[in-house]
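Chemist:
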Amino acid sequence: MANSPYVVDVTERNFEQEVLEASESAVVLVDFWAEWCGPCKMLTPLLEAEAEARGGALKVAKVNVDQAQYLAAQFGVQSIPFVVAFVKKKMAEHFVGVLPAPELKALLDRITPAEFGGAADAGPQVPSDPAAAEEHHRATLAEDPKDPAANLALAELHLARGEAEQAQACLDAIDPKRSDDHRDEIDRIGALIQLRSLGEAAGSVEACLSAHEQAPEDAQARYAYGCALAAGGHYPQALEMLLSAGERDKELLKTKVREAMVHVFYALGSRDPLSDDYRDRLMNLVFA
């Protein structure tokens, strides 16, 4: 978690102070998450970036569902990441999953009272409705087809609809000379596209699990199961399964396993602790 004054860990003991009371002067996003949740790791940097950009008008309250089970039960959390926004001690909005950065910004702009201030100044507001947001981005691209931010936002929308080819086309359209400030996001979305392709080739998680259970020592079955898990955002389990496939087949390790794991590292982000751990383990295995 980022070392930020706008991000705090919350449990049952400090919920009233850190969420309800704090929401009198700032929007508080209660982020229900867990260490094992891949999509949670994708959402975290987006929330923290918005909190930093808004300088005190937004606070992120992190609730680990494994450690604060009573809170999770109170909010009826069934899937994570699950985010609830509080404004002046009342629930103002909620969402499940990972919102594209432009949609998250638009949501926060919409629910933040004027007296809180701190609205991120990034040009015209992006509509929160996906169809309207797409129209907005396409209008931007009509004037500047290589605009990095608009192409990335549109790529996110395509990915959310399962349109990997269209998402890749958006990445390909970005002006290389203007991509440096967006490199992490370009790499992340590119990795998600590749993982989706690997997942489609592997098959469903259920089918791959069945094949793995029938031949638990088979490296190819482990690799396919790992790819299916990664495509679904189950990154800790995916990395462990992929690494175990490489332990059983060194040729597979040096080709497909390593490639798939690198895609997961990019999807998680280069500074993610899970990436650091498994990158070291992968290199130790490759050069053993």
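Quick note on numbering: this note's numbering labels position 167 of the sequence shown as 191, and the sequence is numbered without any gaps. Note that beta-carbon positions come from the ideal geometry of N, C-alpha and C, so glycine has one too.
Spatial neighbours of R202 within its chain, please: CB distance less than 6 Å, with the 5 preceding and 5 following residues excluded, ordered by chain position.
Modeler: P172
Chemist: Looking at the unbroken beta strand (DSSP E) that takes in N313, where does it start and where does it end?
Modeler: Here the chain covers residues 25 to 312 and nothing more, so residue 313 does not appear.
Chemist: What is the residue span of the beta strand (DSSP E) that A138 lies within?
Modeler: Element bounds for A138: n/a, residue is neither H nor E.
Chemist: Going along the chain, which residues of its own chain have a beta-carbon closer than 6 Å to the beta-carbon of L95, five neighbours each way excluded?
Modeler: Within the same chain, L95 has close Cβ partners E36, V87.
Chemist: So for F39, helix, strand or coil by DSSP?
Modeler: Here F39 sits in helix by DSSP.
Chemist: Mind checking S234: buried by the 16 CB within 10 Å criterion, or exposed?
Modeler: exposed
Chemist: How would you label Q218, buried or exposed, when you count the other beta carbons within 10 angstroms and need 16 or more for buried?
Modeler: With 16 or more Cβ atoms within 10 Å of its Cβ, Q218 is classed as buried.
Chemist: Quick one, are the C-beta atoms of W60 and P260 less than 7 Å apart?
Modeler: yes
Chemist: Rounded to whole angstroms, what is the Cα-Cα separation between G147 and L298?
Modeler: For G147, the pLDDT reaches just 49, beneath the cut-off of 50, and the residue's location in the model is therefore unreliable, although a value from the coordinates is still provided. Those two C-alpha atoms are separated by around 35 Å.
Chemist: Roughly how many angstroms separate the alpha carbons of A252 and P240, rounded to a whole number?
Modeler: 16 Å
Chemist: Report the residue from E72, A254, R207 whose alpha carbon sits nearest the alpha carbon of A284.
Modeler: Ranking E72, A254, R207 by Cα distance to A284 puts A254 first.
Chemist: Going by C-alpha distance, which of L178, Y249, V288 is nearest E158?
Modeler: L178
Chemist: For G100, is the classification buried or exposed, using 16 other Cβ atoms within 10 angstroms of its Cβ as the cut-off for buried?
Modeler: exposed
Chemist: Please name the residue in A166, L216, E74 whose C-alpha comes closest to that of L181.
Modeler: Minimum Cα distance to L181 is reached at L216.
Chemist: Indicate the three-state DSSP secondary structure (helix, strand or coil) for V122 in the structure shown.
Modeler: coil
Chemist: Are the beta-carbon atoms belonging to V89 and V54 less than 7 Å from one another?
Modeler: no
Chemist: Which partner residues does V107 have in the DSSP bridge list?
Modeler: D55, F119
Chemist: Give the DSSP bridge partners of L82, in chain order.
Modeler: Beta-bridge pairing links L82 to V51.
Chemist: Rounded to the nearest angstrom, what separates Q98 and L44 at their Cα positions?
Modeler: 15 Å
Chemist: Any beta carbon of chain C sitting closer than 7 Å to that of L233?
Modeler: Given the protein chain composition of this structure (a single chain), no chain C is represented.
Chemist: Taking the alpha helix (DSSP H) that D196 belongs to, which residues open and close that run?
Modeler: 188 to 197
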